[in-house]
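Novice: Can you keep this structure in mind? I'll have questions shortly.
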Amino acid sequence: MKKMIVVLLAAAALCLGLPAGAGTAEARIETGRYTAQFVEFGAIPTPLAHARIIGNTYYQDYYGVGPRNLTIMRLTPTKRGMTASYAKDPVSLWYSRVEYRKTSYGYKGVVYSMGIPMGDMILRKVRARR
């Protein structure tokens, strides 16, 4: 009987997603300058834009010509990268978010709009000017 209760409690913990380890590891978000490019539907690239990451905030202009800091998104660290969204509430995350993963050249992420994947966003690290 005790064995059955233990198995049921373990199964309930797995179903509810209760953490069983030492906690969740989060990747460090690299502060710096980037070039950002959105590739719609995996095939239609947009022009390059200037982007910056400062702390947990993402700033981007309009295709390299528009005003600075036109797009401002909040970043949330994840195990493999970060999630960018306009706000942290669930409705905002459903409406628009980018789920980035760390790569050797910066970050690559999937852009979601209304819960549907719309394309890829590529952030390439820019070297510091001398």
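With this note's numbering applied, the sequence shown corresponds to residues 47 to 176, in that order.
Backbone N, C-alpha and C fix where the C-beta goes; we use that ideal spot for every residue, glycine too.
(1) Please return the same chain residues whose Cβ sits closer than 8 Å to the Cβ of Arg120, not counting the five positions on each side in sequence.
(2) Would you tell me roughly how many angstroms separate the C-alpha atoms of Gly110 and Lys125, rounded to the nearest one?
(3) Please state whether DSSP places Pro113 in a helix, a strand or coil.
(4) Could you give the DSSP three-state label for Pro91: helix, strand or coil?
(5) Alpha helix (DSSP H) containing Ser138: first to last residue?
(6) Straight-line CA distance for Arg147 to Met167?
(7) Does Ile99 come out as helix, strand or coil in the three-state DSSP assignment?
(8) Can you give me the Cβ contacts of Tyr158 inside the same chain, cut-off strictly under 6 Å, excluding the 5 residues immediately before and after it?
(9) With distance defined between alpha-carbon atoms, name the residue in Val156, Gln106 and Val137 nearest to Glu145.
Specialist: Judging by the given coordinates:
(1) Mapped onto the sequence shown, residue 120 falls at position 74. Answer for Arg120: Asn102, Thr103, Tyr104, Ala130, Ser131, Tyr132, Ala133 and Lys134, listed in chain order.
(2) Position 64 of the sequence shown holds residue 110. Position 79 of the sequence shown holds residue 125. Approximately 30 Å between the Cα atoms of the pair.
(3) On the sequence shown, residue 113 is found 67 positions in, with the first residue counted as 1. Coil, per DSSP.
(4) Looking up residue 91 in the sequence shown gives position 45. Note: Pro91 maps to strand in three-state DSSP.
(5) Here the question's residue 138 lines up with position 92 in the sequence shown. Its alpha helix (DSSP H) spans residues Pro136 to Tyr141.
(6) Here residue 147 is taken as the residue at index 101 of the sequence shown, counted from 1. Here residue 167 is taken as the residue at index 121 of the sequence shown, counted from 1. For Arg147 and Met167, the distance between alpha carbons rounds to 10 Å.
(7) Numbered from 1 along the sequence shown, position 53 holds the residue referred to as residue 99. Strand.
(8) On the sequence shown, position 112 is the one that residue 158 refers to. Hits under 6 Å: Arg143.
(9) Mapped onto the sequence shown, residue 145 falls at position 99. The shortest Cα separation from Glu145 among Val156, Gln106 and Val137 belongs to Val156.
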